[in-house]
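Q:
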Amino acid sequence: MNLHGKSVLITGAGGFIGSHLAEELVRYGASVTAFVKYNSRSDGGMLEVLSQDIYDSIDIKAGDLRDPEAICDAVKDVDVIFHLGSIISIPYSYINPRDVIETNIIGTLNVMQAARKYSTDKIVHTSTSEVYGTAQYVPIDEVHPLQGQSPYSASKIGADKIAESFFLSFCLPVAIIRPFNTYGPRQSARAIIPTIISQALTQDKISLGSLSPKRDLTFVKDMTNGFIKMAESSDSVGEVINIGSGSDISIGDLASLILDMMRINKEIVIDKKRIRPEGSEVMRLCCDNKKARKVLGWTPEVPLQEGLRSTIEWVKNSINAYKADIYVR
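Numbered per this note's numbering, the sequence shown spans residues 151 to 479.
1) Can you tell me which of G213, V274, G194 puts its alpha carbon nearest to the alpha carbon of D206?
2) Near E382, what residues of its chain come up, given a Cβ to Cβ distance below 8 Å and the 5 sequence neighbours on each side ignored?
3) Is there contact between the region 244-260 and the region 297-315, where contact requires at least three CB pairs shorter than 8 Å?
4) Along the chain, where does the alpha helix (DSSP H) that runs through P301 open and close?
5) DSSP three-state label for V199, please.
6) Is L458 close to chain C, meaning its C-beta is less than 8 Å from at least one C-beta of that chain?
7) Please state whether DSSP places T270 in a helix, a strand or coil.
8) Can you give me the start and stop residues for the alpha helix (DSSP H) that F330 sits inside?
9) When the Cα of E431 is compared with those of T270, G298, A224, which residue comes out closest?
10) Going straight from the alpha carbon of G429 to that of G283, what length do you get?
11) Per DSSP, what kind of secondary structure is A184 in: helix, strand or coil?
12) Which of the three DSSP states, helix, strand or coil, is assigned to I414?
13) How about D214 and Y188: do their beta carbons lie closer than 8 Å?
14) According to DSSP, is G162 helix, strand or coil?
15) Can you tell me which of the three DSSP states A325 falls into?
16) Specify the secondary structure class of T461 as computed by DSSP and reduced to three states.
17) Closest by CA to Q455, which one among R340, V261, A405?
18) How would you write the range of the alpha helix (DSSP H) that N246 sits in, first residue to last?
19) According to DSSP, is S157 helix, strand or coil?
20) Which residues does DSSP list as the beta-bridge partners of R365?
21) With DSSP as the reference, label L358 as helix, strand or coil.
22) Going by DSSP, what residue range makes up the beta strand (DSSP E) through V390?
23) Please name the residue, chosen from P344, H275, L159, C321, that lies closest to N470 on a Cα-to-Cα basis.
24) Work out the CA separation of R443 and S400 for me, nearest whole Å.
25) Sort R424, L367, S169, I221 by Cα distance to T278 and report the nearest one.
26) How many angstroms separate the CA atom of K434 from the CA atom of V288?
27) What does the Cβ neighbour count give for D438, buried or exposed, with the cut at 16 atoms within 10 Å?
28) Excluding the five sequence neighbours on either side, which residues of its own chain have a C-beta within less than 6 Å of the C-beta of F317, listed in chain order?
29) What residue from Q353, I237, S157, F232 has the CA that sits closest to R216's CA?
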């Protein structure tokens, strides 16, 4: 399938990855519908930072993933669905697990039901590397055991299994993309890299949680390329495919690297409020991306320091939009 000229729906389009994917698909020649969560401010999230010509090309629909009628209305006329919509904050999932579980699992059920009803040509369902929990072996391939080490990761395991069941039960053409940690411009302070950069620019010291966990970091341009290849590949149907760089770095080393690149010398301290509950911290995530290379022909192209430079520049130019994440627990 070539997405040029196709009608596509992106749930969660107002988010970090979703807005980049929407932008790329418009440039690709697709007709893009963006599903965003309704609020009284008519806030389109990160879609609002797109250039005017790109923004004007996107049909924005507001609603709630938990509302089946709203989902059916968004799905009925599209060829391809990119289901990115979810509540993604791990700290928030400790505080309000019901909200996270209902949105992520029931929302996914609604998308799958609507896609089945309207015989959608392809559905790309978004998973997360958090479903693997702390690595039992590295690099992590797609058959690694799943571990619900937070209510968020448990909700995503449930959502993944709903998507899988619709493929197995109803032959719905679902492909499950499993991104490892993604970073780049437009990412909020919920994530570690913009947290480090924004604190380096505005605070006397860098306050983080545990410094020892290791993460596999992929630049957002490479990730959106992975999404598009997942949609276009006939071989991805019914498959779970990891998308990640294949290398990892500790949070402490990452913070030191970013400060060196910014030429800023500030103390890095551990804030106990930012440490995950015992048993919930995922200590290491490192992607085995051989399946993505083989099935999709996908490879990461943006080196870490190049991606970090782009992200640092974005945060510098947008620093007034950054504020501390209130869900730091």
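Ideal Cβ positions, reconstructed from N, Cα and C, are used throughout, including at glycine.
Given the structure is predicted, the values throughout are model-derived calculations rather than measurements.
A: So, to answer that:
1) Taking the first residue of the sequence shown as position 1, residue 206 is located at position 56. Comparing alpha-carbon positions, the option among G213, V274, G194 lying closest to D206 turns out to be G194.
2) Working through the sequence shown from its first residue, we reach residue 382 at position 232. Answer for E382: M151, N152, L153, listed in chain order.
3) Short answer: they touch.
4) Start at 1 with the first residue of the sequence shown, and residue 301 comes out as number 151. Counting along the chain, the alpha helix (DSSP H) containing P301 begins and ends at 301-320.
5) Reading the sequence shown from its first residue, position 49 is the one you call residue 199. Three-state DSSP puts V199 in a helix.
6) In the structure shown, chain C does not exist; there is a single protein chain.
7) The residue you call residue 270 lines up with position 120 of the sequence shown. Under the three-state reduction of DSSP, T270 is assigned to coil, being neither helix nor strand.
8) Locating residue 330 in the sequence shown gives position 180, counting from the first residue. Per DSSP, F330 belongs to no alpha helix (DSSP H) and is neither H nor E.
9) Walking along the sequence shown from the start, residue 431 turns up at place 281. For E431, the nearest C-alpha among the options comes from G298.
10) Start at 1 with the first residue of the sequence shown, and residue 429 comes out as number 279. Start at 1 with the first residue of the sequence shown, and residue 283 comes out as number 133. Distance between the alpha carbons of G429 and G283 is about 10 Å.
11) Position 34 of the sequence shown, counted from the start, is the residue given in the question as residue 184. Of the three classes helix, strand and coil, the one that applies to A184 here is strand, per DSSP.
12) Within the sequence shown, the letter at position 264 stands for residue 414. It is coil, neither helix nor strand.
13) By one-based count along the sequence shown, residue 214 stands at place 64. By one-based count along the sequence shown, residue 188 stands at place 38. Going by C-beta atoms, D214 is nearer than 8 Å to Y188.
14) Start at 1 with the first residue of the sequence shown, and residue 162 comes out as number 12. In the structure shown, G162 sits in coil (DSSP, three-state: anything other than H, G, I, E or B).
15) Taking the sequence shown and counting its residues from 1, one reaches residue 325 at position 175. The DSSP-derived three-state label of A325 is strand.
16) Taking the sequence shown and counting its residues from 1, one reaches residue 461 at position 311. In the three-state scheme derived from DSSP, where H, G and I count as helix and E and B as strand, T461 is classed as helix.
17) Against the sequence shown, residue 455 aligns to sequence position 305. For the residues R340, V261, A405, the minimum Cα distance to Q455 belongs to A405.
18) Counting from 1 along the sequence shown, the entry for residue 246 is found at position 96. Note, N246: premise wrong, no alpha helix (DSSP H); not H, not E.
19) One-based indexing of the sequence shown puts residue 157 at position 7. In the structure shown, S157 falls within a strand segment according to DSSP collapsed to helix, strand and coil.
20) On the sequence shown, position 215 is the one that residue 365 refers to. Answer by DSSP bridge pairing, in chain order: I399.
21) For the purposes of this step, residue 358 is identified with residue 208 of the sequence shown, where counting begins at 1. Here L358 carries a strand assignment [DSSP, helix/strand/coil].
22) To locate residue 390, count along the sequence shown from 1; it is residue 240. In the DSSP assignment, V390 falls within the beta strand (DSSP E) that extends over 390-393.
23) Counting from 1 along the sequence shown, the entry for residue 470 is found at position 320. Taking each of P344, H275, L159, C321 in turn and checking the Cα distance to N470, the smallest one comes out for P344.
24) Within the sequence shown, the letter at position 250 stands for residue 400. Within the sequence shown, the letter at position 293 stands for residue 443. Their Cα atoms are separated by approximately 25 Å.
25) By one-based count along the sequence shown, residue 278 stands at place 128. The option with the nearest alpha carbon to T278 is L367.
26) The residue labelled residue 434 in the question sits at position 284 within the sequence shown. The residue labelled residue 288 in the question sits at position 138 within the sequence shown. Residue identity differs from the one stated: residue 434 is Arg in this sequence, not Lys. Taking the Cα positions, R434 is about 9 Å away from V288.
27) Walking along the sequence shown from the start, residue 438 turns up at place 288. Classification for D438: buried.
28) Here residue 317 is taken as the residue at index 167 of the sequence shown, counted from 1. Residues of the same chain with a CB within less than 6 Å of the CB of F317, apart from the 5 flanking positions on each side, are V324, G388 in chain order.
29) Looking up residue 216 in the sequence shown gives position 66. Ranking Q353, I237, S157, F232 by Cα distance to R216 puts I237 first.
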